[in-house]
Amino acid sequence: MPAENTQPKYRQIADYLRRGILDGTFPAGQPLPSEEALAKQFGVTRPTVRQGLTELRASGLVEAIMGRGTFARSPHSRPNVTRPRGIRRGKNGSFTEADGIKWTEAEEPIAVRTDAPLALADLLRVPPGEPLYTYDALQTAEPGLRQLHRTYVPFSILVSTKYEEEAPPQAPQLYAALADLGHELHFTEYLRPRMPLPDQAQALRLPDGVPILLILRVTLNEHDKPLALEEFQLPGDDLELAYSL
């Protein structure tokens, strides 16, 4: 007699659909059984079915299309959004992101003073607790893209410049301001996935179980001295990043 499956029902549903997608029972691009059918098959409520689907959506095996249902995705299929990473400088001296996305600020960012925590102080090579100018922005773009963007600039970088008396601009306008101060800029990015905090999931409109991609970008000068740090938080369920090496 086979052992009874003691896993939670939502995980049983996720495992059943995962096996079907991987073995071709549910071909890529085809609709999965409806929530109602799965609820009846497993003897559960529809919220339990949705919990199982959320687990598969986080791993990129299913895609929910408003008004049409949930569809299988091949584990080898490309995400819907590919974003090139990098910084370009135009002939007029302005800097732009390589992906060319035009972002809109949900609210006008305001520079506030914060103290550098240990992890960021290490990347910026400043003492923990050093004061930083910090900008926070929730940014949106078509079609339905959202990201959280935070900019940090150490006060010590701005000593003996006009920005001792006024706040520097946030990135990417910050790059031109630093170049105007005589710095030759280059950039290093650190990338890792992690689960979002509740307020981050709400701001990015993430379903349960979906991770974020956290990107830390350090702006450095010609002597490899860090001048600024940015933190990008992006939905990680249907996105890939492209880097030119």
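Okay, so the sequence shown: first residue is 1 according to the UniProt record's numbering, each after it adds one.
We treat Cβ as the ideally placed atom computed from N, Cα and C, and that holds for glycine.
Every value quoted in this text rests on a predicted model; they were computed, and no experiment measured them.
What is the C-beta distance between residue i and residue j, in whole angstroms, given that I count them as a contact (C-beta under 8 Å)?
i	j	result
Arg11	Leu56	Contact flag wrong, Cβ pair sits at about 11 Å.
Thr188	Leu220	7 Å
Gly90	Ala98	At roughly 12 Å, the Cβ-Cβ gap does not stay under 8 Å, so Gly90 and Ala98 are not in contact.
Leu120	Leu229	6 Å
Leu32	Val62	7 Å
Thr54	Pro207	5 Å
On the criterion of 16 or more Cβ atoms from any shown chain inside 10 Å, does residue i qualify as buried, or is it exposed?
i	result
residue 246	As displayed, the chain neither begins before 1 nor continues past 245, which places residue 246 out of reach and without an answer.
His186	exposed
Thr104	exposed
Arg50	buried
Ile110	exposed
Val218	buried
Val159	exposed
Tyr190	exposed
Gln202	exposed
Gln233	buried
Leu132	buried
Ala116	buried
Pro193	exposed
Ala58	buried
Ala106	exposed
For residue i, which residues does DSSP report across the bridge?
i	result
Val218	Thr188, Leu229
Ile212	Arg194, Pro235
Thr70	Ala64
Leu245	None; Leu245 has no bridge partner.
Thr82	Glu240
residue 247	Here the chain has residues from 1 to 245 only, and residue 247 is not among them.
Phe11	Reading off the sequence, residue 11 comes out as Arg, not Phe. In DSSP, Arg11 forms no bridge with anything.
Pro27	Answer by DSSP bridge pairing: none, since Pro27 is not bridged.
residue 251	The first residue shown for the chain is 1 and the last is 245, placing residue 251 beyond what the model contains.
Glu105	Gln139
Leu145	Ala141
At which residues does the alpha helix (DSSP H) containing residue i begin and terminate?
i	result
Glu166	Looking at the DSSP string, Glu166 is not in any alpha helix (DSSP H), and its letter there is neither H nor E.
Arg113	Where Arg113 is concerned, there is no enclosing alpha helix (DSSP H), although the beta strand (DSSP E) it sits in stretches over 112-115.
Leu138	Note, Leu138: premise wrong, no alpha helix (DSSP H); beta strand (DSSP E) at 131-141.
Thr48	46-58
Leu38	35-42
Asp180	173-180
Asp122	118-124
Do residue i and residue j have their CB atoms nearer than 8 Å?
i	j	result
Val112	Thr134	yes
Gln41	Ala72	no
Leu148	Leu138	yes
Gly60	Pro75	yes
Pro198	Ile212	no
Leu216	Leu123	yes
Gly93	Ala176	yes
Ile101	Ala37	no
Thr241	Arg83	Sequence check: residue 241 is Leu here, not Thr. Yes, the pair counts as a contact, with Cβ atoms nearer than the cut-off.
Val153	Leu174	yes
Over what stretch of residues does the beta strand (DSSP E) that includes residue i continue unbroken?
i	result
Thr96	95-97
Arg205	Premise fails: Arg205 is in no beta strand (DSSP E) and is neither H nor E.
State yes or no: is the C-beta of residue i nearer than 7 Å to some heavy atom of the ligand ZN?
i	result
Pro31	Absence of the ligand ZN is noted for the structure shown, with no ligands found whatsoever.
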